[in-house]
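Below is one structure, written out as structure tokens; comments come after it.
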Amino acid sequence: MNNVTSLPVVIGLGELLWDCFGDERRPGGAPANVAFQANQLACQGIVVSRVGQDPLGTELLDFLKQQNLATKYVQIDTTFPTGTVTVEFSDANDPQYTIHERVAWDHLEFNQPLAELMNQAKAVCFGTLAQREKTSRESIYQCLAATNADCLVVYDINLRQEYFDRSWIERSLSLAKIVKLNLDEVEVLAGLLEISVGDTGWFIEHIQKEYTVEAVCITRGAEGCLIYADDQQYDIPGMPVEVVDAVGAGDSFTAALISRRLLGWSWDKAALFANRVGGMVASHAGAMPVLRAEFERLGEEIQTR
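With full-length UniProt numbering, letter number 244 in the sequence shown gets 244, and the count goes up by one each step, no holes.
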């Protein structure tokens with residue numbers, strides 16, 4: 001593994017792409033966002049994905065290098081192009097995505113270098129979108145099977161368009177230690193799994209017992225988040241921020257929660273930190289703003305409370 005450090009390895013496993021806003025584009029993809037932010041949060045974030053052998057792919061790899069992120073585990077596809085997503089805003093808090101098909105990250109291949117990397121991971125974050133094609137879906141499962149028993153496997157459900165299936169979601173839930181979803185996804189998941197969502201606590205208890213999930217996190221935007229872990233519920237309020245755009249805010253929340261749990265923080269402090277990090281990212285343009293110093297100050301402030 002290149003750029004080896006003593007920092008815990010946090011892998012973003014899945015899509016790496018360009019978020020396209022009119023005539024502007026920015027690097028994105030939920031797992032890639034998580035790895036990028038983990039790299040700013042006292043971890044070694046590593047992107048595992050696939051780009052096309054094209055100018056857009058080269059530009060993404062150059063961006064990762066500029067941000068001191070390893071590119072060794074971003075595969076190059078000679079057939080399919082680098083992924084793109086069209087992002088539209090009728091509401092800054094609720095971006096709408098058109099995710100284009102037949103792209104490189106749909107064809108991630110499991111190989112020996114990935115097996116070795118996964119064996120070193122302290123945490124892996126994956127989602128549902130990169131499972132839309134069988135090739136990448138099976139590669140993701142093989143990657144997760146190659147992790148150690150103590151690896152923190154995080155499933156950010158992250159439902160997009162029609163790219164989800166009950167069987168993928170159930171398998172993913174059974175592989176995860178932490179599951180993260182938002183309020184809209186709670187409704188969709190309850191319908192898919194045929195579970196009543198009248199009582200959120202009961203719904204979460206069912207998920208934890210049925211799939212042996214250790215913790216469930218429900219994000220609520222400006223209202224903060226709910227964490228269900230260790231037979232307790234933690235209700236963490238949000239803080240008001242001036243939203244520039246919400247793209248990547250949830251992914252930064254996930255990265256922050258992972259980083260602080262790896263550092264041994266309690267659930268309530270880790271979730272409070274994650275809420276604040278998500279708000280900081282939402283107050284900046286794009287999914288990958290450079291905020292390392294701000295995150296460090298915030299961590300020191302919350303740790304000393």
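Each residue gets a CB set at the ideal place from its N, CA and C atoms; glycine is no exception.
A quick note: this is a predicted structure, and the numbers were derived from the prediction, not measured.
For residue i, the nearest candidate out of the options (CA to CA)
{"i": "I46", "options": "H206, L13, G57, A222", "result": "L13"}
{"i": "A271", "options": "A176, A30, T254", "result": "T254"}
{"i": "P237", "options": "I218, V48, F89", "result": "I218"}
{"i": "D231", "options": "R220, I204, S174, T78", "result": "I204"}
{"i": "V10", "options": "L16, Q40, D23, E210", "result": "Q40"}
{"i": "R166", "options": "D150, A115, A190", "result": "A190"}
Contact set for residue i: own chain, Cβ-Cβ below 6 Å, skip 5 residues either direction
{"i": "P8", "result": "C43, K122, L262"}
{"i": "I178", "result": "V154, A215"}
{"i": "G57", "result": "V51, T82"}
{"i": "Q208", "result": "none"}
{"i": "N3", "result": "Since pLDDT at N3 reaches only 45, below the 50 mark, its modelled position is unreliable, and no value is offered."}
{"i": "L257", "result": "A270, A274"}
For residue i, the first and last residue of its enclosing beta strand (DSSP E)
{"i": "C143", "result": "Element bounds for C143: not the beta strand (DSSP E) but the alpha helix (DSSP H), 134-145."}
{"i": "R26", "result": "24-28"}
{"i": "E88", "result": "83-88"}
{"i": "Y155", "result": "152-156"}
{"i": "L17", "result": "17-21"}
{"i": "G299", "result": "That residue, G299, is in no beta strand (DSSP E); its alpha helix (DSSP H) goes 292-303."}
{"i": "V216", "result": "215-219"}
N- and C-terminal bounds of the alpha helix (DSSP H) containing residue i
{"i": "L69", "result": "No alpha helix (DSSP H) holds L69; DSSP gives it neither H nor E."}
{"i": "V186", "result": "183-193"}
{"i": "A115", "result": "112-120"}
{"i": "G12", "result": "No alpha helix (DSSP H) contains G12, which is instead part of the beta strand (DSSP E) from 9-13."}
{"i": "Y211", "result": "200-211"}
Cβ separation of residue i and residue j, assumed to be a contact under 8 Å, to the nearest whole Å
{"i": "L69", "j": "F36", "result": "7 Å"}
{"i": "V281", "j": "G248", "result": "6 Å"}
{"i": "A229", "j": "W267", "result": "5 Å"}
{"i": "E162", "j": "S139", "result": "Rounded, the Cβ-Cβ distance is 21 Å, inconsistent with contact."}
Which of helix, strand or coil DSSP assigns to residue i
{"i": "G286", "result": "coil"}
{"i": "I76", "result": "strand"}
{"i": "V48", "result": "strand"}
{"i": "V179", "result": "strand"}
{"i": "G127", "result": "coil"}
{"i": "G250", "result": "helix"}
{"i": "M1", "result": "The pLDDT assigned to M1 is 48, lower than 50, so where the model puts this residue is not dependable, and the model offers no usable value."}
{"i": "L41", "result": "coil"}
{"i": "S6", "result": "coil"}
{"i": "V103", "result": "coil"}
{"i": "D268", "result": "helix"}
{"i": "D62", "result": "helix"}
Same chain, Cβ closer than 7 Å to residue i, neighbours up to 5 away in sequence not counted
{"i": "W168", "result": "T128, Q131, R137"}
{"i": "D19", "result": "R25, R26, G28, V85, V87, V247, A287"}
{"i": "V241", "result": "G279, A282, S283"}
{"i": "F21", "result": "V87"}
8 Å CB neighbourhood of residue i in its chain, flanking five on each side removed
{"i": "N33", "result": "G12, G248, D251, S252, A255, A287, M288"}
{"i": "E133", "result": "D106, H107"}
Cβ-heavy atom distance, residue i to the ligand COA, below 7 Å
{"i": "I227", "result": "You won't find the ligand COA in this model; it holds no ligand whatsoever."}
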